[in-house]
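Colleague:
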Amino acid sequence: MTHAGPGSKSVVLGEDELTATAATPVFDVVVVGAGPAGSAAALEAARAGLSVALVERGPFPGAKNVYGGVVYGRVLDELIPRWWERMPVQRWVTRRSTMVMTPSQALTVDFRTEDWGRPPYNGATAFRADLDGWLAEQAVEAGAVLVTSTVVTGLLKDASGAVAGVRTDRPDGDLRARVVIACDGVNSFLAKEAGMFPDEHQAEHLTLGVKQTLALPRETLEERFAISGRDGVDIEMLGCTRGIPGGGFLYTNLESISLGVVLGLTGVREAKTRPEEILAELKRHPAIAPLIRGGEQIEYSAHLIPEGGYRSMPELAGDGILIAGDAAAMCLAAGIWLEGVNFALGAGMYAGRAAAAAIGAGDTSRRGLAGYRKMLESSFVLADHRRLRDFPGLVLSDRMQRNYPGLVCDLVQGMFQVDNPRPKPGLRRLLRRSAKDNGVRLRDLVRDTWTGMRGLR
Amino acid sequence: MNGPVHTIAVIVVRDGVLPLGADETVAEAGGEALLVGTGVKEAAGELVSLRNGRLAENGLFAPGRWARQLAAVLSRTERILLPSSPDGRDLAPRLAAGLGRPLLPGAIRVTGDGAELARWDDRACVRLAVDGPFVATLRPGARGAAPAGEPAVLTELALPEPDGTPDVTVLEVLDPEPGTVDLAEAPRIFGAGAGLGHGELDGPAVVGLLGRVASVVGASVGATRVVTDAGWTGYQRQIGTTGVVVKPELYVAFGISGAAQHIGGLGAPAHVVSINIDPSCPMTAMADLGIVADAQAVLLELARMLEVRS
Amino acid sequence: MLVAAALRWSDQRASVDPLTGEVRTDARTSGASAADRAALEHALRLAEAFGGRCLAVTVGPPAAEEMLREALAAGAHEVLRIEGPEPGRTVGEDGHDTARLLAAGLPARPDIVVCGDRSADRGTGGTPAFLAHELGACQALGLLELSVEDGRLRALRRLDGGRRERLAVSLPAVCSVEPAGTLLRRAPLPAVLAARRAEVPAVAPVDAASGHGPDGVVRPYRPRPRALPAPAGAEPHQRLLALTGALVERTPPKVLRPPTPAEAARELLDYLRERGYLS
Ligand SMILES: Cc1cc2nc3c(=O)[nH]c(=O)nc-3n(C[C@H](O)[C@H](O)[C@H](O)COP(=O)(O)OP(=O)(O)OC[C@H]3O[C@@H](n4cnc5c(N)ncnc54)[C@H](O)[C@@H]3O)c2cc1C
Ligand SMILES: Cc1cc2nc3c(=O)[nH]c(=O)nc-3n(C[C@H](O)[C@H](O)[C@H](O)COP(=O)(O)OP(=O)(O)OC[C@H]3O[C@@H](n4cnc5c(N)ncnc54)[C@H](O)[C@@H]3O)c2cc1C
Ligand SMILES: Nc1ncnc2c1ncn2[C@@H]1O[C@H](COP(=O)(O)O)[C@@H](O)[C@H]1O
């Protein structure tokens, strides 16, 4: 057995090792990571009758996984019929707000619909440990073998360089596979190991999410957010990050609130503040403080998010390997959107199918696995990412982060403020004044509006 | 025994040395006690809360055989209390089983009809009522003990001959290791708790560094049970009711929550500092100076300022 | 030679409501405690040393199977689940019922049973002593070391105040071990895979539990007031003053929140200097 090169954790298997020695277990598919992507992939591959191992480093699925808290379940319609009857849900999001704020102002666009509170539903808040556990259970029921507390430390490759399995940190820890599906999350070690990332500039495309869960009695929470039963609220915030590219979010669970901020990694580094401080500041904001008052912190967590979108994705298929979910940067984290779980589920599902098709056809090379990308292209997974490819850049631009929130808030304040005996100012004058005060050139405003419109087209 | 009593404390004595919590258990039993083991008379003199002591010299501790012997003389005593020291923990269940009664283990208080027991690492408490006699073990440090005032009445008690119940053979009793002795005598102690383990240094490394920093101040290193259980340092450094009982003048607690079993072995230091991220933990509450900060980060800074290599 | 490891399935990260005392447990964080894992490691080593078999056993609900699968993967030759009440719910019970169920459910009397020195929930270490009583075995509890020397079982037991005793343990024996320094070996991957598919046998001994273990109300823990020796002083009011410490000079407790670790370290050094611990 020889190593694949300096710094590499890959292991090239010799001829004799490839003729399946009895000691090394062989699976059709080895899925790395039991997050949403991994469990969907394992579920779909096991359903196709393949032997599947789902390897997870945590003591149970979702043990250490972090996210804000809203899942968009539509993609599950295809994977788990009538999922809403069984999924461990905290609340159904029936009220969605976007808040644009400055340190002392906030403009909220608040939308509420009863449609999202009944089948087939739209978004739901759920805890990751519950959700990931439930998804992995579906895969296990379909026949996949879940192996927890086990870290994948490298790839096994055959002489031609094709991926032939994984190495884990357990004694006798090699697992052979016809196809490895890497669902190991952001900053994917496996995708890098397989040489699927085109460049080395991954840090630019990473944001840091920090989140607190604050416990509140159910009645208090429902009263504060004007909801009842299983209805829930989702608030996305812009302009609450001291100019660091990013945004904030607040979601209601049954008896707690998830509150967090998402911050560009380079921005955090340059601003020389700590993410906790930004979050603490948000908690003191006049529009937020009353909502969370008395909430007792029951959890604090931080995690990276790939936000580069379409342009920063790695290659999705290689010889004997597929990449899905955050590992492939399939996360949409741009201000008013924070979606990743739905993309991960979709990508995992297609990866499972593509692996099954390739194994069925007896060709697990890059070519044999090419069906994966085609399925993604014709689904929401890549369609959304392609459409919104310029969005991260826009939402995270300096103007959007530093200038527009102030502009919008000043504009609205000017409109609603009664300055008698002075007459009301005209809208055009207000706009010009607010733009000037906030350092925005109208030319840029027009251009950004256009980019935004195109993104939403 | 001269007439059955309602409640009695059973105290296992080794070479005249009382177990931790002996005085409290006797006080909880209203001053009534049966001292069994070696050097019982000498030990009785040390018990300030004792009113009425029965003394049974009975050789080396053997829980199986002793339980049979004691059951024979205690069958009419309603409540039998033992301290939950190592010997108490071992003897009490055997005694309860021998007498066919329930055991109320780990009590913080004996009530009119049962006991309050600490559970879930002292975070919860269960109140148990039993109708009928019982055996209970009492947590050391839970109640304190006041002197009985009058000198105790002592009577010798002969236990029945032991039967053939199997027991282990004691090969030797080892005195505390140098580390333990040093710690027990140390006037200054830096304590390592679970909270010290969060950071770039792993457990053993951070306790090692704590030791080097402590030595600059002439202090020794102690630890909580969580730390010794995790193997970050030897068990002989564990302070508390199941570890070493110390009596330092200065105690600096790094990431220690201050559980009763830990504080129970701490004596009454004149100066206590607690470094903890939780400002309301018991350790900080009993400190003169509470510093709300990350323990490992503070330690690394101390090492830097005192020029200790980390 | 049969060596059994008795494992208790309980939540290692249970949360207790400080106001109501309500204990919330979660099957996902439930399993064997560090002490029980150390017990299994000792049992595996003893079985190897004596050339015997290692059996991992628990009294617990079906959810405890996961813990037994881990024991199988780590090298136990067999596992057994004895149907019993869910631990945690009956944490008021004294351990005797558990011991009866263990004794009644085991296929044969083990030569050695290794337990953890205390469980996470009940936490009193009584179960092994009851088990010794039930099995007519000798007991060696709260051990720091457990080993085989010249084919005989030797143990080091912790006593009060840092003393220890060295024991020769004859069989059959029930031992309980502290977790200090003993880590359960890591299970090889093929064994983990095999254990995933293994059947976990279960038995339900009839009438083994006496049912006399009382069950009680759970409340938050509150330390009780401590009795103190009466203070010296001739006059009642002097004694009162001494007791309340009203006239004793004492620096009020100070809680600082320094912005940086460096600031915190400086505060600590200042404190030590002021009180003469550091020049
Ligand atoms: C603060 C924050 C808020 C977010 N909010 C939302 C939201 O509200 N809605 C939404 O849809 N998305 C949200 N996201 C994004 C979402 O969490 C991710 O897009 C999603 O979890 C991706 O799923 P995944 O399965 O690809 O990866 P992950 O969920 O990251 O799962 C990867 C799994 O692989 C395991 N693993 C990693 N390496 C190894 C290895 N070497 N060996 C074995 N196992 C390994 C990990 O333990 C993990 O279980 C948020 C993210 C963050 C950080
Ligand atoms: C029968 C019995 C006997 C026992 N005997 C003993 C004994 O003799 N001695 C003993 O010590 N224990 C004993 N225990 C255990 C005792 O109950 C406690 O579990 C133990 O003392 C807790 O140790 P700890 O403070 O290190 O850990 P924890 O209770 O886990 O506390 C950790 C502390 O660190 C803080 N913290 C976390 N992160 C940080 C950070 N980054 N920086 C700073 N602080 C941080 C937390 O706020 C917390 O206060 C016994 C228990 C039982 C049931
Ligand atoms: N339900 C159980 N099943 C198996 N072993 C147990 C059980 N309860 C307790 N034990 C064993 O007894 C030890 C001490 O537990 P306890 O008496 O509850 O403190 C544990 O560490 C286990 O080894």
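Protein chains in written order, with the UniProt record's numbering: chain A, 1 to 457; chain B, 1 to 310; chain C, 1 to 279.
All C-beta atoms in this analysis are idealised placements derived from N, C-alpha and C, irrespective of residue type, glycine included.
A quick note: this is a predicted structure, and the numbers were derived from the prediction, not measured.
1. Check distances from the C-beta atoms of the region 14 to 29 of chain C to those of chain B and list, in chain order, the residues that come in under 7 Å.
2. Closer than 8 Å, CB to CB, is Y235/B near chain C or not?
3. Determine the chain A residues that contact R69/C at a beta-carbon separation under 8 Å, and present them in chain order.
4. Thinking just about the alpha-carbon of each residue, which of A106/A, A37/A, A53/A, R91/A is nearest to the one in L79/A?
5. What span of residues does the alpha helix (DSSP H) with Y350/A cover, start to end?
6. Would the beta-carbon of P88/A be found less than 7 Å away from any heavy atom of ligand 1?
7. Hey, would you say R81/C sits closer than 8 Å to T58/C, going by beta carbons?
8. Could you tell me the boundaries of the beta strand (DSSP E) in which R14/B lies?
9. Skipping 5 residues on each side, what residues in its chain have a beta carbon closer than 6 Å to that of G123/A?
10. A370/A to Q413/A, Cα distance in whole Å?
11. Can you tell which of E235/C, V114/C, D121/C has its C-alpha closest to the C-alpha of A129/C?
12. Using a Cβ-Cβ cut-off of less than 9 Å, list which residues of the region 168 to 188 of chain C approach chain A; keep chain order.
13. As a quick check of your reading: which residues have a C-beta less than 5 Å from at least one non-hydrogen atom of ligand 2, in chain order?
14. With which residues is C175/C paired in a DSSP beta bridge?
15. Which bits of chain C does G108/B rub up against, with CB to CB less than 7 Å?
16. Give the interface partners of D172/A over in chain C, defined as CB-CB distance under 7 Å, in chain order.
17. Mind listing which residues of the region 247 to 267 of chain B have their C-beta closer than 8 Å to chain C's C-betas, in chain order?
18. At a Cβ cut of 7 Å, what residues of the region 192 to 203 of chain C count as close to chain A, listed as they run along the chain?
19. Are the Cβ atoms of R89/B and L167/C separated by less than 8 Å?
20. Have a look at P258/C and R188/B and give me their C-alpha separation to the nearest angstrom.
21. Using the Cβ count rule (16 or more neighbours within 10 Å means buried), how would you classify V13/B?
22. Per DSSP, what are the beta-bridge partners of L103/B in this structure?
23. Does P85/C have its Cβ less than 8 Å from a Cβ in chain B?
24. Say whether the region 213 to 228 of chain A touches the region 333 to 349 of chain A, bearing in mind that this needs 3 or more beta-carbon pairs closer than 8 Å, one atom from each stretch.
25. Taking DSSP's pairing of strands, which residues face C125/B in a bridge?
26. Is R57/A near ligand 1 - that is, is its Cβ less than 7 Å away from at least one heavy atom of it?
27. At the level of alpha carbons, what is the spacing between G33/A and A295/B?
28. Are the beta-carbon atoms belonging to V26/A and V180/A less than 8 Å from one another?
29. Residue range of the beta strand (DSSP E) that A5/C falls in?
30. Taking Cβ positions only, does P25/A come closer than 8 Å to chain C?
31. For G239/A and E56/A, I'd like the C-alpha separation in whole angstroms.
32. Mind checking whether A351/A and L322/A have CB atoms under 8 Å apart?
33. With respect to 7 Å, is the separation between the Cβ of N342/A and the closest non-hydrogen atom of ligand 5 below this value?
34. Could you tell me which of F190/B, R76/B, P147/B sits nearest to R212/B, measuring between CA atoms?
35. Output the residue ranges of the alpha helix (DSSP H) runs that lie fully inside the region 5 to 60 of chain C and measure 4 residues or longer, sorted by chain position.
36. Taking the alpha-carbon positions, what's the A67/B to R219/C distance?
Modeller: This is what the structure holds:
1. Taking 7 Å as the Cβ-Cβ cut-off against chain B, the residues of the region 14 to 29 of chain C that qualify are A14, V16, G21, V23.
2. Interface flag for Y235/B against chain C is set, since a Cβ pair is found closer than 8 Å.
3. Correct list: empty, because the minimum Cβ distance to chain A is about 11 Å.
4. When C-alpha distances from L79/A are compared across A106/A, A37/A, A53/A, R91/A, the shortest belongs to A37/A.
5. That run of the alpha helix (DSSP H) goes 341 to 361.
6. No; taking the cut-off as 7 Å, the Cβ of P88/A has no heavy atom of ligand 1 nearer than that.
7. The Cβ-Cβ distance between R81/C and T58/C falls below 8 Å.
8. Segment: none, R14/B is in no beta strand (DSSP E) and carries neither H nor E.
9. Counting only Cβ-Cβ distances below 6 Å, and skipping sequence neighbours, we find V70, Y72, V93.
10. Distance from the CA atom of A370/A to the CA atom of Q413/A, rounded to whole angstroms, is 54 Å.
11. Per the Cα distances, V114/C.
12. Within the region 168 to 188 of chain C, R185, R186, A187, P188 place their CB atoms closer than 9 Å to a CB of chain A, listed in sequence order.
13. Matched residues: D121/B, G193/B, A194/B, G195/B, H198/B, T224/B, R225/B, V226/B, G240/B, T241/B, T242/B, G243/B, G255/B, I256/B, S257/B, A259/B, Q261/B, H262/B, N276/B, I277/B, D278/B, C281/B, D294/B, A295/B, G123/C.
14. BP columns for C175/C point to V114/C, A140/C.
15. It is worth fixing the name first, because residue 108/B is Ile in this sequence and not Gly. The contacting residues are R224.
16. Residues of chain C passing the Cβ test: P188, L189, P190.
17. Against chain C - using a Cβ distance shorter than 8 Å - the residues of the region 247 to 267 of chain B are L250, V252, A260.
18. Per Cβ criterion, the list reads V192, L193, R196.
19. No, Cβ-Cβ distance for R89/B and L167/C is not below 8 Å.
20. The straight-line gap from Cα to Cα measures roughly 24 Å.
21. The residue is buried, with at least 16 neighbouring Cβ atoms inside 10 Å.
22. Here L103/B is bridged, per DSSP, to V135/B.
23. Not one chain B Cβ lies under 8 Å of P85/C.
24. No, the region 213 to 228 of chain A is not in contact with the region 333 to 349 of chain A.
25. According to DSSP, C125/B bridges with A118/B, R219/C.
26. Yes, the Cβ of R57/A comes within 7 Å of a heavy atom of ligand 1.
27. Taken atom to atom, the span from the alpha-carbon of G33/A to that of A295/B is near 33 Å.
28. Contact flag unset, no.
29. Taken as a continuous stretch (DSSP letters only), the beta strand (DSSP E) holding A5/C covers 2 to 6.
30. Interface residue, yes.
31. If I take the Cα positions, the gap works out to 37 Å.
32. Yes, Cβ-Cβ distance for A351/A and L322/A is below 8 Å.
33. In the structure on display, ligand 5 does not appear, and the ligands it does have are ligand 1, ligand 2 and ligand 3.
34. The residue with the shortest Cα to Cα distance from R212/B is F190/B.
35. 34 to 50, all fully within the region 5 to 60 of chain C.
36. Annotation: A67/B to R219/C spans about 32 Å, alpha carbon to alpha carbon.
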